[in-house]
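Q: For the sequence shown, position 36 (counting from the first letter as 1) is numbered 243 according to our numbering, and the numbering increases by one without interruption.
Note that the Cβ used here is the ideal one computed from N, Cα and C, for glycine as well.
Mind having a look at this structure? Questions to follow.
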Amino acid sequence: MGWFKRFKDGIHTATKNKKEAPDGLWYKCKSCNSTITVKELRENEYICPKCE
Numbered sequence: 208m209g210w211f212k213r214f215k216d217g218i219h220t221a222t223k224n225k226k227e228a229p230d231g232l233w234y235k236c237k238s239c240n241s242t243i244t245v246k247e248l249r250e251n252e253y254i255c256p257k258c259e
């Protein structure tokens, strides 16, 4: 038996507590499917740091 018992299935967050990320903040690499920030992509001269 676990230490905690969940009364409701799943995790529910109220809409007022959700935080939105601005558009254009993240980039998903098409070859390795990693998600990186656009700032990091610019600093690396638009080459995915994980694909290098």
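When the Cα atoms are used, what is the spatial distance from Lys-237 to Ile-243?
A: Straight-line Cα distance between these residues: approximately 12 Å.
Q: Taking the straight line between their C-alpha atoms, what separation do you get for Lys-212 and Lys-235?
A: Cα to Cα, the separation comes out at about 37 Å.
Q: Along the chain, where does the beta strand (DSSP E) that runs through Lys-257 open and close?
A: Note, Lys-257: premise wrong, no beta strand (DSSP E); not H, not E.
Q: Tell me the residue span of the alpha helix (DSSP H) that contains Lys-246.
A: Taken as a continuous stretch (DSSP letters only), the alpha helix (DSSP H) holding Lys-246 covers 245-250.
Q: Whole angstroms is fine: what's the gap from Glu-154's alpha carbon to Asn-240's?
A: Not covered by the structure: residue 154. The range shown for the chain is 208 to 259.
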